[in-house]
Amino acid sequence: MSVPPQIQAQLLQLQQLQQQLQMILMQKQGVETELKESQKALEELEKSDYEYVYILIGGLFIKRKKDEIIKELKDKIETLELRLKTLSKQEEKLKEKLKEFQEKLQSIMQPSAQ
Numbered sequence: 187m188s189v190p191p192q193i194q195a196q197l198l199q200l201q202q203l204q205q206q207l208q209m210i211l212m213q214k215q216g217v218e219t220e221l222k223e224s225q226k227a228l229e230e231l232e233k234s235d236y237e238y239v240y241i242l243i244g245g246l247f248i249k250r251k252k253d254e255i256i257k258e259l260k261d262k263i264e265t266l267e268l269r270l271k272t273l274s275k276q277e278e279k280l281k282e283k284l285k286e287f288q289e290k291l292q293s294i295m296q297p298s299a300q
């Protein structure tokens, strides 16, 4: 039994949507990890009594003012939170689209199964 071209095209689009969702989820996981690390670093820096701290840049430790690093981390956290919000919205939209597509595909395939 061969699959009609219309259904083949629908299956291909469904597969592409699933791949897009997987990519979004991987990006989201990476952003979440980076956000947690940045929040932890900020928390530790704010506890510190030192005026200067060392940060690792390209394999070198560089001495910097703690206040500058705190400001940079807060900016980075804000950017990561925005990115996470955007990725979450994209994830929800793709999930909705996937669900609609699956329902459409099922409705196309059911008459041919009878």
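Numbering-wise, the numbering used here comes out as the position in the sequence shown, counting from 1, plus 186. Yeah, the Cβ is synthetic: ideal placement off N, Cα and C, and Gly gets one too. Quantities reported herein were computed from a predicted structural model and do not represent experimental measurements.
(request) Please name the residue or residues paired with Tyr-236 in a DSSP beta bridge. (result) In the DSSP output, where bridge partners are listed per residue, Tyr-236 has none listed.
(request) For Leu-284, verify whether its CB is less than 6 Å away from any heavy atom of the ligand MG. (result) With respect to the ligand MG, the structure shown offers nothing to examine, as it has no ligands at all.
(request) Return the Cβ separation of Leu-284 and Leu-197 in integer angstroms, given the expectation that the two are a contact with Cβ distance under 8 Å. (result) Leu-284 to Leu-197, Cβ: 13 Å. No contact.
(message) Contact between the region 215 to 229 and the region 244 to 263 is defined here as three or more beta-carbon pairs at a separation below 8 Å; is this criterion met?
(response) yes
(message) From the DSSP secondary-structure annotation, give me the bridge partner or partners of Arg-250.
(response) Val-239
(message) For Glu-230 and Arg-250, what's the separation of their Cα atoms in angstroms?
(response) 15 Å
(request) Figure out for me which residue from Val-217, Glu-286, Gln-192, Ser-188 has the closest Cα to the Cα of Leu-268. (result) Val-217
(message) Leu-273 and Gln-206 - do their beta-carbons sit closer together than 7 Å?
(response) no
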